[in-house]
Amino acid sequence: MIEKRDFYINGAWVTPETPRDHPVIDPSTEEQVAVISLAGEADVNKAVAAARAAFPAWMATPPAERIALVEKLLAIYLERSEEMAQAMTLAMGAPIDMSRANQVGAGTFHIKEFIAAAKDFEFIRPLSERAPNDRIVYEPVGVAGLITPWNWPMNQITLKVVAAAVAGCTMVLKPSEESPLDAILFAEFMHEAGFPPGVFNLVNGDGMTAGTALTGHPDVDMVSFTGSTRAGIAISKNAADTLKRVHLELGGKGANILFADADEKAVKRGVIHMMQNTGQSCNAPSRMLVQRDIYDSAVAEAANVANAIAVGNPHEEGRHIGPVVNATQWGKIQDLIQKGIDEGARLVAGGTGLPDGFNRGYYVKPTVFADVTNQMTIAREEIFGPVLSIIPFDTEEEAIGIANDTVYGLTNYVQTQDGARANRVALKVRSGMVEMNGQSRSFGSPFGGMKQSGNGREGGVFGIEDFLEVKAIGGWAND
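Sequential numbering of the sequence shown, starting at 5, is according to the working numbering.
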């Protein structure tokens, strides 16, 4: 059992006002590995009060000094990266090699990204050459309530905490109670880096109690939330009474469009991308749309690739996927796989039940369905597990129509060797991000969606701007 830590408020570890213990479960064994406290309303109030009191001084701190603290944070993060990787593997089941390279690596990437963006950011700038006495001032929104999920913990925590810090906001972080160990460790990093008391505060808790108290709090000026669309809607309603700013990064049902001239690695690349992190990614390419000319061969290849993906103990090194995060998620995924079978999709890999060789742990078989229609449940709902749906299409217009026929709009993918067609399709699909032919978005590119996938943009200069107000000043004295 890991030593219990409570809340980090105003620069110190504090005990809760109303103690409620919550077990942390290793999803690979179903055994309890730690206990955390869940925050009540009084605990949230204390954290918000600390952030509110710290805000004037932090807002007035020169950006260069804020950036210097983030640079110290980066050094500590890198030095203690193995601890962070082990914490994420233990609580949410990411295989240890993936935790080291991708889960920890995502945090490293974003901290560096924000340092570079902040150093070039003009917080006070002229309106234009034609208005020499006008200034546009970017100033921090205020106290930010940050709520992060369990699936990519350091990715989401760094995207919010570091952006808020360089912008000059103070904050209260409520991580998912399913993967809290990494957030507790991150709080240690923030303390060691020397952030002033009250700038960063951490409360563990569930959405119903702590999340509701934080998002509706009158002294919280903005909320940045990553999680399900259902929760995002509830948060928006709760925050409406105080007219606070709400930035949402929500679910997805990405279309991966494979035209007949897609490169020879496109199918394999799409399946592996879908199965990464055991399918627990909001930007996963969960609908593979395949042009009918290559449909049969693509289905056969996708099945072969999925059948070759190893499922294994996340604590062991190697190239395999681990379990999903908890029993609830496992049950939901099993129900949706069965729903796909019942609605007439053709199961070509995987299926219900535990993979061979497992009698415990929340492991899911890498699963592929063919002959899916876009009206089937598995094509409409975000499954959040290693389940791929393959849908045939004939024409470019039909593919675009299927891709856009969803309430979501996070990430779509295009595979074709025809550059003009790739660009044309990328402009017509309705999503915040598009990736083509296996090429990821670059350093500083924003992450975010349209429609029910959310409304914020995270990463680089766009992520910093999410935490800033714009003030226009006329009559600026040019000394």
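For each residue, glycine too, the CB sits at the ideal point set by N, CA and C.
Hey, does Ala46 have any beta-carbon neighbour from chain D nearer than 8 Å? No chain D appears in this structure, which consists of one protein chain only.
Where does Pro60 sit, in a helix, a strand or coil, going by DSSP? helix
In DSSP terms, what Asp225 is bridged to: Bridge partners of Asp225: none, in fact.
For Val271, is the classification buried or exposed, using 16 other Cβ atoms within 10 angstroms of its Cβ as the cut-off for buried? buried
Do you know how far the Cα of Met454 is from the Cα of Gly467? 16 Å
Phe26 versus Asn427, Phe199 and Gln36, residue with shortest Cα-Cα distance: A quick correction: the sequence has His, not Phe, at residue 26. Per the Cα distances, Gln36.
Buried/exposed call for Ile128, threshold 16 Cβ in 10 Å: exposed
Note down the Cα distance separating Thr33 from Ser85, rounded to an integer number of angstroms. 24 Å
Measure the C-alpha to C-alpha separation of Ser183 and Met96 and round it to an integer number of angstroms. 6 Å
Quick test of your reading: Leu2 and Ile119, contact by CB under 8 Å. State the CB separation rounded to the nearest angstrom. Residue numbering for the chain in the displayed model covers 5 to 483; residue 2 lies beyond these limits and cannot be assessed.
Express the C-alpha separation of Leu252 and Thr230 in angstroms, rounding to a whole number. 6 Å
Reducing DSSP to helix, strand and coil, say where Asn149 ends up. At residue 149 the sequence reads Gly, which differs from the Asn that was named. Note: Gly149 maps to strand in three-state DSSP.
CA-CA distance, Phe113 and Asn159? 9 Å
If we require 4 or more residues per run, which alpha helix (DSSP H) segments fall completely within the stretch 328-363? 331-346
Quick one: what's got a C-beta closer than 6 Å to Glu305's C-beta in the same chain, skipping five residues either side? Val271
Where Pro20 falls: helix, strand or coil (DSSP): coil
Proximity to His195 [Cα-Cα], best of Phe373, Tyr12, Ala424 and Val411: Tyr12
8 Å contact criterion, which Gly448 and Gly463 should meet: CB distance rounded: 7 Å
Whole angstroms are fine: how far does the CA of Glu402 sit from the CA of Asn205? 49 Å
For Thr420, collect the residues of the same chain with a Cβ closer than 7 Å to its Cβ; drop the 5 residues on either side in sequence, then sort them by chain order. Phe263, Asp265, Ala266 and Ala426
Ala302 and Gly354: beta carbons closer than 8 Å? no
What distance in whole Å lies between the Cβ atoms of Leu358 and Phe373, which are believed to be in contact at a cut-off of 8 Å? Contact doesn't hold; Cβ gap of about 19 Å is too wide.
From Ala167, Ala110, Trp156 and Glu87, pick the residue whose C-alpha is nearest to that of Ala121; which is it? Closest by alpha carbon: Ala167.
Give me whichever residues DSSP pairs with Ile259 in a beta bridge. It is Ala, not Ile, that sits at residue 259 in the sequence shown. Beta-bridge pairing links Ala259 to Arg291.
Could you tell me the alpha carbon to alpha carbon distance between Asp346 and Ser232, rounded to whole angstroms? Roughly 25 Å between the two C-alpha positions.
Please look up how many angstroms separate the CB atoms of Pro390 and Gly283, rounded, as I've assumed it's under 8 Å. 4 Å
Determine, using beta carbons only, whether Pro201 and Ala58 come nearer to each other than 8 Å. yes
Between which two residues does the alpha helix (DSSP H) carrying Tyr417 extend? Segment Thr415 to Gln419 is the beta strand (DSSP E) holding Tyr417; no alpha helix (DSSP H) there.
Looking at the secondary structure, which residues open and close the alpha helix (DSSP H) in which His114 lies? Note, His114: alpha helix (DSSP H), Val108 to Lys123.
Give the range of the alpha helix (DSSP H) segment to which Leu77 is assigned. Pro67 to Glu83
What did DSSP end up calling Asn176 once you bin it into helix, strand or coil? Per the sequence shown, the amino acid found at residue 176 is Val instead of Asn. Strand.
Name the one or two DSSP bridge partners that Ala191 has. None; Ala191 has no bridge partner.
Between the CA atoms of Asn378 and Gly405 - distance to the nearest angstrom: In this model, Gly405 and Asn378 are separated by some 10 Å (Cα to Cα).
7 Å CB neighbourhood of Val145 in its chain, flanking five on each side removed: Cys173, Asp225, Met226, Arg249, Phe471, Leu472 and Glu473
Can you tell which of Ala476, Ala424 and Asn416 has the C-alpha that lies nearest to the C-alpha of Phe451? Asn416
Give me the residue from Glu385, Pro66 and Lys50 with the minimum Cα distance to Gly256. Out of Glu385, Pro66 and Lys50, Glu385 has the C-alpha closest to the C-alpha of Gly256.
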